[in-house]
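S.K.:
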Amino acid sequence: MDVAFEGRVALVTGGSRGIGRATCRRFAEAGARVVVHFRADRTAAEATLAELPGDGHLALAADLADPVAVDDLVSDVVAACGRLDVVVNNAGIYEDHPVTGTDYAAWQAAWQRTLGTNLIGPANLIHRAVPHLIAAGGGRIVNVSSRGAFRGEPGHTAYGAAKAGLNSLGQSLAQELAPHGIFVTTVAPGFVETDMTEDHLAGARGAAIRAQSPLGRAADPDEIARTIVFLATPGTEYATGAIVDVNGASYLRN
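Quick note on this note's numbering: the sequence shown kicks off at 2 and runs consecutively.
As structure tokens, this is what we get:
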């Protein structure tokens with residue numbers, strides 16, 4: 002068993018399913034004590050916990066769009082585990098809001114919800130986590146972005162904008178936090194076989210979406226999880242500030 006994270010605590014937001022669940026499992030297999038964050042579905046979070054090897058893992062609920070809930074989440078992690086070493090900002094929402102077919106009130110609400118969960122929430126979580134990462138002697142932050150930050154997300158513009166903001170957030174903090182021994186990286190997946198993308202992949206556009214990659218398929222969540230855990234592993238410090246594309250060559254950038 003890999004013990005790269007033995008004695009360390011990893012908080013994974015959106016850990017109850019999809020990429021988050023696979024990431025929790027990979028951290029646990031590497032010896033970490035894992036905190037599975039979820040927003041509302043405790044049953045799914047408990048199912049994730051049941052899959053994790055090792056002891057001491059726990060599930061904690063929080064609405065990441067609520068700054069008070071974010072503060073409480075970090076406090077609860079440290080109270081329960083005594084430390085915090087790794088933060089994975091994986092949780093996110095993906096809502097339809099086409100500009101030509103959404104009324105003004107619904108448009109504003111979609112932007113507020115999406116930015117609150119996908120960008121402001123991670124920023125607040127990092128702010129509250131940083132003192133504890135410093136106290137632990139340094140740490141890792143891995144943000145889960147999207148190829149949509151580069152390729153665009155028509156009909157889901159708030160999502161694309163939030164992920165672009167998350168990329169910039171990670172790059173700025175990589176420079177600011179390196180002197181404290183905190184290293185920040187970002188993973189930008191394409192389509193992944195998760196609950197969030199299930200309707201898109203199963204629908205009329207499914208074949209066209211899979212054909213975007215020369216592999217002819219969407220990613221398995223574990224493929225993204227392996228990349229996340231690698232970037233959080235000791236020995237990869239010089240990758241700080243990197244945005245790593247994991248999209249099956251469905252979108253290439255220079």
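Even glycine gets a Cβ: it sits at the ideal position worked out from N, Cα and C.
Please look up how many angstroms separate the CB atoms of residue 191 and residue 148, rounded, as I've assumed it's under 8 Å.
M.R.: Confirmed, about 5 Å.
S.K.: Run through the stretch 132-185 for me and flag every whole beta strand (DSSP E) of 3 or more residues, listed as ranges in chain order.
M.R.: Here the runs fully enclosed are 140-145.
S.K.: In chain order, what residues of the same chain lie with their CB nearer than 6 Å to the CB of residue 164, ignoring the 5 residues before and after it?
M.R.: Answer for residue 164: 146, 147, 149, 150, listed in chain order.
S.K.: Where does residue 220 fall in DSSP's three states?
M.R.: In this structure, residue 220 counts as strand in the three-state DSSP scheme.
S.K.: For residue 92, which beta-bridge partners are listed by DSSP?
M.R.: In DSSP, residue 92 forms no bridge with anything.
S.K.: Please identify the residue among 98, 66, 36, 177 whose C-alpha is closest to the C-alpha of residue 76.
M.R.: For residue 76, the nearest C-alpha among the options comes from 36.
S.K.: CB-CB under 6 Å to residue 125, same chain, minus the five flanking residues each way: which ones, in chain order?
M.R.: Cβ neighbours of residue 125 beyond the five flanking positions: 68, 71.
S.K.: Give every residue of the same chain whose Cβ lies closer than 8 Å to the Cβ of residue 96, excluding the five residues on either side of it in the sequence, and list them in chain order.
M.R.: The answer, listed in chain order, is 111, 114, 115, 157, 159, 160.
S.K.: Whose CA, out of 83, 4, 168, 106, lies closest to the CA of residue 187?
M.R.: Looking at the Cα atoms, 168 is the closest of the given residues.
S.K.: Please confirm whether residue 195 and residue 89 have their CB atoms less than 8 Å apart.
M.R.: No, Cβ-Cβ distance for residue 195 and residue 89 is not below 8 Å.
S.K.: Given that a residue counts as buried once 16 or more other Cβ atoms are within 10 Å of its Cβ, and exposed if not, what is residue 173?
M.R.: Exposed.
S.K.: Can the beta-carbon of residue 62 be found less than 8 Å from the beta-carbon of residue 40?
M.R.: Cβ atoms of residue 62 and residue 40: closer than 8 Å.
S.K.: Below 8 Å, how does it come out for the stretch 100-107 and the stretch 79-88: are there three or more Cβ pairs, yes or no?
M.R.: Because the criterion of three Cβ pairs below 8 Å is not met, the stretch 100-107 and the stretch 79-88 do not touch.
S.K.: Of the choices 183, 11, 29, 26, whose alpha-carbon is the least far from that of residue 240?
M.R.: Considering only alpha carbons, the answer is 183.
S.K.: Would you call the CB atoms of residue 242 and residue 185 closer than 8 Å?
M.R.: Their beta carbons are under 8 Å apart, which means residue 242 touches residue 185 by this criterion.
S.K.: So, is residue 153 buried or exposed, given that buried needs 16 or more other C-beta atoms within 10 angstroms?
M.R.: So residue 153 counts as exposed.
S.K.: State the CB to CB distance for the pair residue 131 and residue 232, rounded to an integer number of angstroms; the pair is presumed to be in contact (CB under 8 Å).
M.R.: Not quite, the Cβ-Cβ distance comes to about 18 Å (not below 8 Å), so this is no contact.
S.K.: Thinking C-alpha only, which one of 210, 5, 11, 4 is nearest residue 134?
M.R.: That would be 11, whose Cα lies nearest to the Cα of residue 134.
S.K.: Can you have a look at residue 100 and say buried or exposed, based on whether 16 or more other CB atoms are within 10 angstroms of its CB?
M.R.: The residue in question, residue 100, is exposed, as its Cβ has fewer than 16 Cβ neighbours within 10 Å.
S.K.: Let me know the secondary structure DSSP gives residue 246 once reduced to three states.
M.R.: Strand.
S.K.: Alpha carbon to alpha carbon, how far is residue 236 from residue 139? Give it in angstroms, no decimals.
M.R.: Roughly 13 Å separates the two Cα atoms.
S.K.: Please name the residue, chosen from 224, 30, 222, 250, that lies closest to residue 214 on a Cα-to-Cα basis.
M.R.: Comparing Cα-Cα distances from residue 214 to each of 224, 30, 222, 250, the minimum goes to 250.
S.K.: Would you mind stating whether residue 16 and residue 25 have Cβ atoms separated by less than 8 Å?
M.R.: Yes, the Cβ-Cβ distance between residue 16 and residue 25 is below 8 Å.
S.K.: Are the beta-carbon atoms belonging to residue 179 and residue 245 less than 8 Å from one another?
M.R.: Cβ distance not < 8 Å, so residue 179 and residue 245 don't count as in contact.
S.K.: Just to confirm, are residue 60 and residue 43 a CB contact at a threshold of 8 Å?
M.R.: Result yes, Cβ atoms of residue 60 and residue 43 sit closer than 8 Å.
S.K.: Tell whether a beta-carbon distance below 8 Å holds between residue 117 and residue 66.
M.R.: Yes. Within cutoff.
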